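Note sheet for the following structure.
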Amino acid sequence: MVPVILLAVSLLLVLSLLLFLASAGQRASASRRRREYGIPRGQVVYSDLDRPGKALFSRQWQLSGKPDYIVRGKDGTLIPVEVKSSRAREPHPGHVMQLAAYSLLIEESYGLKVPFGMLVYADGVQHRVDFDGSTRERLLSTLREMRECLLEGGAARNHGSRRKCGGCRARHSCGQALK
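Taken in order, the sequence shown gives residues 40 to 218; the numbers are from my numbering.
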């Protein structure tokens, strides 16, 4: 009877050790990823990069999206972080609007004001984007323009790139698509 109990206790200890090591490995990996992406200090409350996240949705703005990360700062503020695979010395205007849209979604979903967000580019360059009145108004104006284009049945192609057309969601119904 005693050898069976010793075996069971030994197995439990080995399993506990394995779980501890796996957990430590995950923490180290997450810490490395946070440094690599320049994620602000705080608790990650949402992630779409580490595991598929649930889309945030705004009834008021009829908008949905999935930020790469949402971090809760020490002061309780929520900070959206968007990681980009491209390189950029300055943030692309479309990326700024994407981050602003995530800020709007977070405000409605969590009921907290979002003061700023972070864009992190592939070369490690990080940009803080303030979500102030000016950025909010630009976003809302852009959303209105997009809705008008959809209702009127068309946004004009603004490039000459087959590659961009190939990745566009509207390419099958677009009369301007490059082939």
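The beta-carbon is built from N, C-alpha and C at its ideal position, and this holds for glycine as well.
Remember, it's a predicted structure, so these values are computed and weren't measured experimentally.
C-alpha gap between residue i and residue j, whole angstroms
i	j	result
V168	M157	6 Å
D114	G150	15 Å
S124	V43	55 Å
M136	N197	18 Å
L50	G205	55 Å
G92	S86	6 Å
L58	A47	16 Å
For residue i, the nearest candidate out of the options (CA to CA)
i	options	result
G172	H166, L143, G199	L143
V159	M185, V120, E191	V120
V164	R126, A216, K93	R126
Y141	G104, R202, E176	G104
R128	L190, G199, A161, L46	A161
Contact set for residue i: own chain, Cβ-Cβ below 7 Å, skip 5 residues either direction
i	result
G112	P79, G81, I118
S148	L95
F170	A139, S142, V153, P154, F155, G156
Neighbourhood of residue i by C-beta distance below 8 Å, restricted to the same chain and skipping five residues each side
i	result
T181	M136
T116	L151, K152, V153, P154
Please specify which runs of the alpha helix (DSSP H), each continuous and at least 4 residues long, are wholly inside the region 85 to 149, giving them in chain order.
132 to 149
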